[in-house]
Ligand SMILES: Nc1ncnc2c1ncn2[C@@H]1O[C@H](COP(=O)(O)OP(=O)(O)O)[C@@H](O)[C@H]1O
Ligand SMILES: Cc1ncsc1CCOP(=O)(O)O
Ligand SMILES: [Mg+2]
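Residue numbers (our numbering): 1 to 267.
Shown next, in the form of structure tokens:
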């Protein structure tokens with residue numbers, strides 16, 4: 001029987017048993033993403049080499065794959081790790097950073113989609129383009145509103161049999177049937193590089209904690225980011241102080257606070 005768990009319940013469970021999360025992420029994101037996982041209560045490991053990524057995926061409780069700073073050798077590691085995660089029945093999360101920008105990225109993304117990610121997390125421009133729509137995206141930052149990506153996300157979720165999360169001012173999550181919006185955060189968040197990449201890693205951490213409820217796990221990760229973003233913005237003088245306040249805020253949020261303050265609504 002499937003039990004409905006709240007974001008706070010999942011946070012508590014994660015901190016009681018910190019999951020080992022293999023993060024194949026980009027050079028820009030590695031440090032902040034690892035710190036985001038530690039502040040939230042998970043255990044990150046940035047392991048991407050083709051020689052070991054598949055083997056490590058057998059040890060980790062979840063995998064996240066981010067194409068932000070791609071190279072041929074990394075793609076081999078990503079594919080080996082995704083295959084190993086699938087073989088072991090462990091969830092894996094894809095972050096298709098600026099996948100529309102070059103033929104190299106488009107091809108790598110198509111290969112990764114064929115390996116059936118459990119969750120796809122991207123900004124609105126990335127999700128619109130993944131569904132074949134008219135995206136205004138050029139580089140890694142979104143140039144489209146989340147509302148415009150909602151139909152794309154629903155379509156992509158159905159086609160991929162995956163949970164799709166679109167982030168921005170108000171986030172949108174769907175599994176193709178259910179859909180919710182997660183409000184909160186701060187306009188300073190896109191001013192700090194790699195927070196989206198870090199969120200992808202955190203989705204992996206929650207998915208490791210609640211593999212039986214991937215939709216709920218994805219919502220929980222987005223919800224703690226939204227609450228921490230609001231807290232960090234209080235007193236932040238700009239992106240610099242926001243960045244360290246954000247880590248402190250993530251660590252300070254307990255399960256009761258998360259459940260009391262998460263702004264999740266049906267879409
Ligand atoms: N204008 C905004 N207001 C509040 N939160 C935001 C805003 N833009 C992005 N966020 C938050 O920042 C985080 C990263 O999302 P986003 O910037 O969309 O990802 P990416 O860095 O991949 O482009 C998410 O938690 C999202 O909710
Ligand atoms: C700036 C940059 N360049 C390649 S990856 C990257 C980080 C992107 O991070 P995010 O998608 O979280 O904004
Ligand atoms: Mg991104």
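We put the CB at the ideal spot given by N, CA and C, even for glycine.
Residue environment, residue i, which counts as buried when at least 16 other CB atoms sit within 10 Å
i	result
residue 142	buried
residue 244	exposed
residue 152	buried
Interface flag, residue i vs chain D, CB-CB below 8 Å
i	result
residue 251	Although the question refers to chain D, the structure presented lacks it and comprises just one protein chain.
Closer than 7 Å: residue i CB and nearest ligand 2 heavy atom
i	result
residue 36	no
residue 226	no
residue 68	yes
residue 124	no
Limits of the alpha helix (DSSP H) - the one that residue i falls within
i	result
residue 35	30 to 40
residue 203	195 to 209
residue 273	Since the first residue of the chain shown is 1 and the last is 267, residue 273 is not available in this structure.
residue 257	255 to 261
beta-carbon residue i near ligand 1 non-hydrogen atom, thresh 7 Å
i	result
residue 267	no
residue 218	no
residue 111	no
residue 169	yes
residue 156	no
residue 187	yes
residue 142	yes
residue 190	yes
residue 130	no
Check: Where are the beta strand (DSSP E) runs, 3 residues long or more, that stay fully inside the segment 83 to 170, in chain order?
Finding: 92 to 95, 119 to 123, 163 to 167
Notebook entry, point to check: Who sits around ligand 3, taking every residue whose Cβ is closer than 5 Å to one of its heavy atoms?
Noted result: 97, 196
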